[in-house]
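Contents: one structure, followed by commentary.
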Amino acid sequence: MCGIVGYIGGREAFPILIKGLQRLEYRGYDSAGTVMLDRNEFKLYKKEGKVADLLAHVGEGNVAGTIGIGHTRWATHGAPSDRNSHPHVSNSGRYVMIHNGIIENYASLKKELSSRGYVFHSDTDTEVLINLMEDLAKNSDSFGTAFQHALQQVVGAYAIVVIDREDPDTLYAAKMGSPLVIGLGEEEFFIASDATPFLQYTKDAVYLDEGEMAIIQRSGEMNVRKIDDGSEIAPEIHELQMNIEAIEKGGYDHFMLKEIYEQSKAIRDTLRGRLLADRGVIQMSGIKEYEEKFLNAHRLIIVACGTSWHSGLVGEYLFEDLARIPVEVEYASEFRYRNPVITENDVVIAISQSGETADTLAAMRLAREKGATLFGICNVVGSSIARESDAGAYTHAGPEIGVASTKAFTTQLTVLTLMALYLGHKRGVLDVTRYHRLLHELDGIPEGIDAMLKSDAQVTGIAKMFSDAQNFLYLGRGYNFPIALEGALKLKEISYIHAEGYPAAEMKHGPIALIDENMPVVVIATKRGHYEKVVSNIEEVKSRNGKIIAIINEGDETLKELADYYVEIPPSEEMFSPLFSVVPLQLLAYHIAINRGCNVDQPRNLAKSVTVE
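The sequence shown runs 79 to 691 under the working numbering.
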């Protein structure tokens with residue numbers, strides 16, 4: 079949530095900040111702002127709305143300065159408004175701050191500062207923090223010391239960047255529970271919530287770890303230290319693997335559509351080097367290192383949120399079916415507040431697209447306290463979940479800019495499938511012949527997705543018929559029950575149509591009461607796995623005049639006749655069908671949202687990386 083950018087160096091900061099904020103728009107926000115420092119004067123501009131609204135507000139204003147910070151805000155404390163937008167300035171006007179996250183004890187701090195004469199001009203927790211720093215600076219030997227001491231007093235999550243008006247050659251940054259990365263250029267530094275704002279300038283980056291702060295000097299020096307005790311850290315420099323083309327639309331109308339079409343490539347990249355089908359080998363170093371833990375685990379506990387939780391539900395079917403290991407799938411946001419029974423014989427698998435999901439990180443830390451082994455699955459190298467894990471696997475989906483996850487989801491499914499096949503083989507659950515056959519079929523999935531995407535025009539036609547619908551019902555069984563949930567979520571996220579996903583057998587336990595001629599029902603009806611049962615469910619919907627949109631296997635003449643509309647997907651083993659069946663559901667949601675005039679890449683109220691509770 080929110081986006082941070084910062085710059086110090088020899089270039090004019092404003093163009094870098096604005097371009098950076100535009101590249102962070104996918105994270106979700108309701109206001110934007112920038113501040114530049116030039117000749118000991120802040121040039122501050124902030125505005126409710128989009129970055130385009132900020133640019134209109136700036137107009138021909140003075141934006142000079144080679145040091146500056148910018149921010150896109152997703153409201154937590156205080157409604158979206160100009161006055162609540164970041165950056166926020168301290169009472170004296172000397173210090174200015176941008177902040178992602180939530181300061182949980184801001185109310186008590188605000189009360190204390192108010193009693194000391196501080197006046198607040200916004201409803202934000204951020205303004206409280208910058209004034210706390212100003213107050214401590216009055217009795218500190220340096221602002222760096224006050225910065226550190228203030229952070230020692232706050233409770234919550236944050237990524238913070240501060241400028242001191244009296245020191246135009248220094249940026250102060252800190253991280254706790256919200257991502258922050260520093261780009262290292264030639265005699266210049268960049269700061270951002272992720273690397274996309276500075277990809278065109280440098281490929282060298284330092285990811286601040288939990289509880290770390292950095293003092294960044296125009297001279298080229300950067301001092302990283304622990305917030306709690308001030309001990310210095312030797313930061314690890316990462317070479318970024320992504321390129322600038324990966325975060326551009328590349329001729330597509332929207333990032334979401336581009337990312338749907340990138341799924342075959344993303345799955346190939348996820349399989350590359352891991353699946354050697356001709357040799358009958360799966361190579362996953364993360365599992366290999368902890369192989370005994372996995373093979374002897376009493377159970378696997380999967381923790382995730384949103385779309386990643388749906389991939390975890392598919393993972394439950396995979397691990398129990400192929401490897402015969404008990405699995406529990408938990409909403410991380412609930413798991414962390416229960417008193418779950420976890421032992422050192424459990425393996426906890428945390429799944430997150432961004433690698434920064436606050437609830438998932440908290441669930442991991444709870445599991446670590448109980449002695450469990452932590453395995454992370456995420457898409458962002460150097461992210462917090464990657465660093466918190468004992469071992470893990472990157473999905474290699476490449477940058478995903480659209481808020482509604484598509485290729486990150488299918489690559490998560492790919493990693494889970496590889497893991498289940500690997501463990502099933504090692505545990506002797508899969509005989510050699512079936513194991514080799516499954517590896518070859520998995521290897522051909524990307525080609526099948528490429529072929530299936532040719533049905534986009536057919537999905538476009540179906541979308542036109544239902545763009546004015548008020549409700550949708552999605553049904554699936556077995557491996558495709560979680561895909562029904564995911565299809566419904568995609569439609570809700572980007573078209574704002576109410577939709578629910580259900581196990582098909584549960585339709586009779588309530589949802590059937592809703593079915594009439596105005597209710598579109600999307601049914602995933604693949605040939606493998608409970609086919610006859612699903613056909614019966616379709617008959618039940620038809621008898622109540624519901625409109626059936628069926629996802630069927632190629633050549634299924636029975637359901638072509640029975641369904642009102644259908645989309646064909648390649649035949650496959652049931653365990654692989656989610657990789658196919660989810661794609662037309664993504665396209666259906668996309669085209670319905672476009673027909674309704676919705677912003678598919680930046681749906682209202684949503685953020686790509688949920689770094690607060």
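Even for Gly, the Cβ is constructed at its ideal location relative to N, Cα and C.
Find out if the Cβ-Cβ distance for the pair residue i, residue j is shorter than 9 angstroms.
{"i": "V174", "j": "V129", "result": "no"}
{"i": "I647", "j": "I672", "result": "no"}
{"i": "F453", "j": "Y368", "result": "yes"}
{"i": "I712", "j": "G84", "result": "Lying before the first or after the last residue shown, residue 712 is absent from the chain, which here runs from 79 to 691."}
{"i": "I208", "j": "V240", "result": "yes"}
{"i": "V645", "j": "V619", "result": "no"}
{"i": "I360", "j": "L354", "result": "yes"}
{"i": "E578", "j": "A591", "result": "no"}
{"i": "I616", "j": "Y643", "result": "no"}
{"i": "K366", "j": "A482", "result": "no"}
{"i": "R606", "j": "A582", "result": "no"}
{"i": "A324", "j": "G476", "result": "yes"}
{"i": "M585", "j": "L551", "result": "yes"}
{"i": "G480", "j": "H332", "result": "yes"}
{"i": "Q490", "j": "I429", "result": "yes"}
{"i": "H164", "j": "I180", "result": "no"}
{"i": "L684", "j": "E571", "result": "yes"}
Can you grab the Cα-Cα spacing for the pair residue i / residue j, in whole Å?
{"i": "E610", "j": "E652", "result": "14 angstroms"}
{"i": "D307", "j": "S659", "result": "52 angstroms"}
{"i": "L373", "j": "T144", "result": "56 angstroms"}
{"i": "V459", "j": "L318", "result": "9 angstroms"}
{"i": "T348", "j": "L210", "result": "46 angstroms"}
{"i": "Y285", "j": "A292", "result": "11 angstroms"}
{"i": "N417", "j": "K448", "result": "11 angstroms"}
{"i": "K655", "j": "E564", "result": "In the sequence as displayed, the identity of residue 655 is Ser instead of Lys. Near 14 angstroms, if we compare the C-alpha coordinates of E564 and S655."}
{"i": "A667", "j": "Q536", "result": "13 angstroms"}
{"i": "I380", "j": "S533", "result": "34 angstroms"}
{"i": "L378", "j": "V601", "result": "30 angstroms"}
{"i": "R402", "j": "M497", "result": "13 angstroms"}
{"i": "K343", "j": "E326", "result": "16 angstroms"}
{"i": "E632", "j": "T604", "result": "9 angstroms"}
{"i": "E205", "j": "H199", "result": "8 angstroms"}
Quick one: what's got a C-beta closer than 6 angstroms to residue i's C-beta in the same chain, skipping five residues either side?
{"i": "P560", "result": "H388, L391, V392"}
{"i": "A252", "result": "L229, I238, M291"}
{"i": "G148", "result": "V83, L95, L99, T112"}
{"i": "E398", "result": "V405"}
{"i": "D282", "result": "L262, I315"}
{"i": "A224", "result": "M211, L214, A215, S218"}
{"i": "Y196", "result": "N169, N209"}
Using the rule of at least 16 other Cβ atoms within 10 Å of the residue's Cβ for burial, across every protein chain shown, is residue i buried or exposed?
{"i": "Y415", "result": "exposed"}
{"i": "A134", "result": "exposed"}
{"i": "S256", "result": "buried"}
{"i": "G539", "result": "exposed"}
{"i": "G364", "result": "buried"}
{"i": "K485", "result": "buried"}
{"i": "Q680", "result": "buried"}
{"i": "E190", "result": "exposed"}
{"i": "D108", "result": "buried"}
{"i": "E639", "result": "exposed"}
{"i": "E138", "result": "exposed"}
{"i": "V419", "result": "exposed"}
{"i": "S186", "result": "exposed"}
{"i": "R51", "result": "Because the chain in this structure spans residues 79 to 691, residue 51 falls outside the shown range and cannot be described."}
{"i": "R151", "result": "buried"}
So what does residue i bridge to, in DSSP terms?
{"i": "Y552", "result": "G579, V600"}
{"i": "G470", "result": "G454"}
{"i": "F120", "result": "L115"}
{"i": "M254", "result": "Y236"}
{"i": "Y644", "result": "A628"}
{"i": "S430", "result": "C456"}
{"i": "K304", "result": "E290"}
{"i": "Y609", "result": "Answer by DSSP bridge pairing: none, since Y609 is not bridged."}
{"i": "E126", "result": "S109"}
{"i": "G81", "result": "T150"}
{"i": "Q694", "result": "Nothing in the structure corresponds to residue 694, since the chain is present only between 79 and 691."}
Under 8 angstroms Cβ to Cβ from residue i, same chain only, skipping five residues before and after it: list those, please.
{"i": "H376", "result": "P404, T421, N423, D424"}
{"i": "A464", "result": "G433, G454, C456, V458, G470, Y472"}
{"i": "R89", "result": "T144, E266"}
{"i": "Q548", "result": "I575, H576, N596"}
Once you ignore the five residues that flank residue i on each side, which residues in its own chain have a CB closer than 7 angstroms to its CB?
{"i": "L494", "result": "S389, V392, G393, L396"}
{"i": "D242", "result": "R172, Y173, F221, T248"}
{"i": "A541", "result": "L666, H669, I670, N673"}
With a threshold of 9 angstroms between beta carbons, is residue i in contact with chain D?
{"i": "I260", "result": "The structure shown contains no chain D; it is built from a single protein chain."}
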